[in-house]
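2 protein chains.
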Amino acid sequence: MNGAQSVVGTLLGSGVEVCFANPGTSEMHFVAALEDAAPDGTRMRAVLGLFEGVVTGMADGYGRMAGKPAVTLLHLGPGLANGLANLHNARRAGTPVVNIVGDHATYHVQYDAPLTSDVEGVARPMSDWVHTSTGALAAAADTARAVQAAMQYPRQVATLILPADAAWSPAEGSAPALPFAAPAPVADAAIARVAGLLGNGRGTAILLAGDSLGEQALLTAGRIAAATGARLLCDTFTPRLPRGAGRVPIERIPYFAEQIVGLFAQIDQVVLVGAKAPVAFFAYPDKPSKGLADSTTVSVLAHPHEDGPAALTALAEAVGALRTPVVLAERQVDGSTEGRFDQFGIGRIIAAHLPEGAIVSEEAATSSLGSQIALVTSVPHEVLSLMGGSIGQGLPLATGAAVACPDRKVVCLHGDGGAMYTLQALWTQARERLDVTTVVFANRRYAILDIELGRVGATGNEVAGRMFDLADPELQWVDLARGMGVEGVRVTTLAEFSAAFASAMRSRGPRLIEVMV
Amino acid sequence: MNGAQSVVGTLLGSGVEVCFANPGTSEMHFVAALEDAAPDGTRMRAVLGLFEGVVTGMADGYGRMAGKPAVTLLHLGPGLANGLANLHNARRAGTPVVNIVGDHATYHVQYDAPLTSDVEGVARPMSDWVHTSTGALAAAADTARAVQAAMQYPRQVATLILPADAAWSPAEGSAPALPFAAPAPVADAAIARVAGLLGNGRGTAILLAGDSLGEQALLTAGRIAAATGARLLCDTFTPRLPRGAGRVPIERIPYFAEQIVGLFAQIDQVVLVGAKAPVAFFAYPDKPSKGLADSTTVSVLAHPHEDGPAALTALAEAVGALRTPVVLAERQVDGSTEGRFDQFGIGRIIAAHLPEGAIVSEEAATSSLGSQIALVTSVPHEVLSLMGGSIGQGLPLATGAAVACPDRKVVCLHGDGGAMYTLQALWTQARERLDVTTVVFANRRYAILDIELGRVGATGNEVAGRMFDLADPELQWVDLARGMGVEGVRVTTLAEFSAAFASAMRSRGPRLIEVMV
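Going down the list, the sequences are from chains A and S.
The numbering of the first sequence is our numbering, which starts it at 1 and goes up by one.
The numbering of the second sequence is our numbering, which starts it at 518 and goes up by one.
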């Protein structure tokens, strides 16, 4: 057994079943070891991505849905660098990810060959945990520690750098899986304090994040809200939000700073459950960065690393809300093809045809509001958003989610600008026969920047206009999809969209619909 | 005038004329300032890339050809991260590049908004110089220093982080351009020492790199070789190599470690001119990392930061070779469409039709040898190779070179696997009407990894085979190109290739030829 085999065996023994990979020469022994079965016969599922940003984005989508890490396989510093943006997003999502990054053999680094770089330095900004194996004898134990680090609550990005000679030299065997620590319990005092606040008559918002947005936790929070009159809020972007009929409706905090301030002007006190106090996404001249008024008080029921769902149950008990009735969303859809061909019409049709249990990966930027509104009353489903703001996540996220949940339909709603960053994900969808329908909103602009230019107080001009313009030449998404083995169709009316989307929902496999909004 | 305007004015004043950009909200003032003209009326040319790896790769291609930096405009830590791999390649090429990376407003960082990251940490591994402007009053001076750093011999990657409030706050004006230090002179003693070695009767190789591969320096080196019997060598990969008829032929060091060792086994002493001693690209079990035998002696004529071309002239004088005749390559081409449809046949046809002064961006990996052999006797042209080993450079490199040299035909020879990393460059080629012909060698494999798997001593198996396989689904490059506004054609015979390539050489504008090797 060599080091790479000991690493793969340790991953399998630690419950890691999927490897998203874009390997190179220094990862060849790891690739060869992917064939090895664990003692119980399980093998790693190896999924190739044609660009590393696809690989790490898939790991994010997989980890969000599976609740445990996939492993990525990346090639040296530059390969890791190509994956950093989506690791940033995964980290902001609280997704467990283990990266295995090959490096030159330990004795080869001194020669400064062309691919030599400071791999730890590349890893650190987007990793919670970084370690370089010193050799084959340590690699298995390091791997078990990396998985443990990824599972540290509320989940982390762990990067293990594996020198080529640590992979090819003899090892002593796989390491046993390490225990994963449970989330920290919330102190009784915090629960009692918040219970007291909920009865003080002030206007209250409960801001939920992370696992506290799970379906059961959300129901408990709904009971607390119903019993106490508090409003339920979540961040603009959430890693995984149950939505649709039978779920507790929750208000999303709006995107723009002045809208956030407007919302919280109505609220006297905020209770955080796994969440942070809201802030503006960007700074703007003469606009506040903080979302809350200075007069708004903030209380923490549960920090992100604590057990928010259990704290909600204890809080419900403390305020007598364990069985309080709660109004759940009801299915109410309108799939008519009358009306304007815009994101609101598109959103209505998506909501009318979405199958139960669907997973919606959403990165539609200025085209997202239509479906957001309509999907609240669609069938029960889950929505995954872009968490770190680095665009180019939606396609790989959908791809990884489809790997994790092969029996659920995945729908990816994406802006055309953002989709160009990691379009290679379509190839993996075709290769793995994944059940993903991608809707590209082709407005042929970085439309958000048209808005932001004015909001930051800069003055538009011809050069700036051209920097936001994707119309010359016009991207042809049907061609791009065909080029990677995915069937696509361009639609220019609601009727065409309805026919294409309904057909995609009835069949399996990757599809793309280019919506000429 | 705001900080962003002072930065753009300083760049123009320092000779920086082109901005390769992929901006976001925090760069809006910089984008707006791109419209401003310098006192002499010059304006920055702004070139949009749809992915940051394209942006930095274009800056590398531009900088290699222009001999001065372009500026890139990148969005926060993740946007910079997406550009790191091609910055690694640029740095290994010794290309001057100035990156301007927007960051959150200084006072906004404390709120840990979703896009917050350690931007300096992201920059450092692939930058020679990193600085964060503390405000608008400092931004212009910092910019002049960044350009000076980029031009520090032998050229560097300089990254200036510009917080949003440093861009939008009032500034006092542009900063004057700073002087660029000349390369250090080579000591007379080094020249005398090497002149002595060249007469000692031992088998000698002169290894040239960087500016010492310029056309005139190469001619001088050729005279020295002719006078002394030394062999002229260059690295496997070179940033910019004059090649073809009328140029001094030079041997490229082969790629694989055992071939390097084989070459240098015939050589007793090596003289380095701007070069480093050769090493293997990767380590392999039981193969040497060093390219030279222990018995081979190494002498430095010029370090990379020293004036290699002047040292060659002085050396030629010292050995009496200033007017020694040298055998130059003669044009000898064979454009016949008889023979096998493989890289060698393709290479012959490329060599037969290449126009004089063409720039060849080469990242064809296992398909590169055919054109390398044939082009030695083509018309005079220059070849730019992948310097840092991080694949996905060739398309953007060609794009940037075409921006720098609008009157020269650019030909990009690329493997299909590598081309998928930064295929978005094709869109910029169409947008800017650049005169680039891309030849994609579609072998539908990571074919180099088939070779490397065996070379590192790993055993192939079904999983590994599938990790190198790009045939399921088959990439359709003509569709991919059309999706980005570039006309493409697939060819399956030498006659078809010859017709397509000859046609592309006669017309202007971007084209793509998919070669089904």
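Ideal Cβ positions, reconstructed from N, Cα and C, are used throughout, including at glycine.
Going by DSSP, name the residue or residues bridged to residue i.
i	result
A:VAL271	A:ILE206, A:SER299
S:ALA782	Per DSSP, none; premise fails for S:ALA782.
A:LYS290	A:VAL279
A:HIS88	A:HIS88 pairs with nothing; no bridge assigned.
S:LEU1029	S:THR955, S:GLY1005
A:PRO242	A:GLU382
A:GLY415	A:PHE441
S:LEU590	S:ALA538, S:ILE617
S:ALA823	With the sequence shown as reference, residue 823 of chain S is identified as Glu, and Ala is not the correct amino acid for it. Answer by DSSP bridge pairing, in chain order: S:ALA701.
S:TRP646	S:ALA675
A:VAL410	A:ILE359, A:VAL436
S:ALA631	The amino acid occupying residue 631 of chain S in the given sequence is Pro; Ala does not appear at that position. The partner list for S:PRO631 (beta bridge, DSSP) is empty, contrary to what the question assumes.
Using the C-alpha atoms, what's the distance from residue j back to residue i?
i	j	result
S:ASP811	S:ILE770	18 Å
A:VAL119	A:VAL130	10 Å
A:LEU115	A:ASP435	37 Å
S:ALA835	S:LEU758	26 Å
A:GLU52	A:ASP60	12 Å
A:GLU330	A:GLU215	15 Å
A:GLY49	A:ARG431	10 Å
A:LEU263	A:PHE256	11 Å
S:GLN786	A:HIS75	35 Å
S:PRO766	S:ALA734	13 Å
S:TRP994	S:GLY887	21 Å
S:LEU551	S:THR527	12 Å
S:ALA942	S:CYS922	17 Å
S:MET1022	S:LYS926	8 Å
S:THR573	A:ALA209	37 Å
S:ALA1078	S:LEU845	With chain S represented from 518 up to 1034, any question about residue 1078 of chain S goes unanswered, as that position is not in the structure.
S:GLY971	S:PRO756	29 Å
S:ALA681	S:ALA688	13 Å
A:ARG223	A:ALA195	13 Å
Is DSSP giving residue i helix, strand or coil here?
i	result
A:THR422	helix
A:VAL31	helix
S:ALA653	helix
A:SER385	strand
A:ASN22	coil
S:HIS621	coil
S:ILE678	strand
A:THR143	helix
S:LEU567	coil
S:ASP534	Asp is not the amino acid found at residue 534 of chain S; the sequence shown has Glu there. It is coil, neither helix nor strand.
A:ASN99	strand
A:ALA184	strand
A:LEU233	strand
A:GLU251	strand
S:ASN519	strand
S:ARG562	strand
S:PRO687	strand
S:ASN978	coil
A:TYR62	helix
S:SER729	helix
So with Cβ pairs under 7 Å, would you call residue i a contact of chain D?
i	result
S:PHE799	This model lacks chain D altogether; the protein chains it does include are A and S.
Practice task
Please list the segments of the beta strand (DSSP E) lying wholly inside the segment 832–894 of chain S, counting only runs of 3 or more residues, in order along the chain.
Solution key: Within the segment 832–894 of chain S, the runs of beta strand (DSSP E) at least 3 residues long that lie entirely inside it are, in chain order, 876–880.
Exercise for the section: Could you name the residues of the segment 985–996 of chain S whose beta carbon sits closer than 9 Å to any beta carbon of chain A, in the order they occur along the chain? Expected result: For the segment 985–996 of chain S, residues whose beta-carbon sits nearer than 9 Å to a beta-carbon of chain A comprise PHE985, ASP986, LEU987, ASP989, PRO990, GLU991, LEU992, GLN993, TRP994, VAL995, ASP996.
Practice task
Mind checking the segment 673–697 of chain S against chain A and listing, in chain order, the residues whose C-beta falls within less than 8 Å of any C-beta there?
Solution key: Within the segment 673–697 of chain S, ALA681, ASP682, TRP685 place their CB atoms closer than 8 Å to a CB of chain A, listed in sequence order.
Handout entry: Within the segment 980–1027 of chain S, ranges of the beta strand (DSSP E) (whole runs, at least 3 residues)
Key = Taking only runs of at least 3 residues, the beta strand (DSSP E) segments lying wholly in the segment 980–1027 of chain S are 1004–1008.
Practice task
Give, in chain order, every residue of the segment 14–26 of chain A whose Cβ lies closer than 8 Å to some Cβ of chain S.
Solution key: Going along the segment 14–26 of chain A in chain order, one finds ALA21, PRO23, GLY24, THR25, SER26 with a Cβ nearer than 8 Å to chain S.
Handout entry: Contact list for the segment 944–959 of chain S against chain A, Cβ threshold 8 Å
Key = So the close ones are TRP944, ALA947, ARG948.
Exercise for the section: Anything in the segment 913–928 of chain S with a Cβ closer than 7 Å to a Cβ of chain A? List those residues in chain order, please. Expected result: Against chain A - using a Cβ distance shorter than 7 Å - the segment 913–928 of chain S contributes no residues.
Problem - chain S contacts from the segment 132–147 of chain A (Cβ-Cβ distance under 7 Å) - result: Answer set for the segment 132–147 of chain A: empty.
Problem - Members of the segment 884–906 of chain S that neighbour chain A once the beta carbon cut-off is set at 8 Å - result: Listed by position, the residues of the segment 884–906 of chain S near chain A (Cβ gap below 8 Å) are MET904, GLY905, GLY906.
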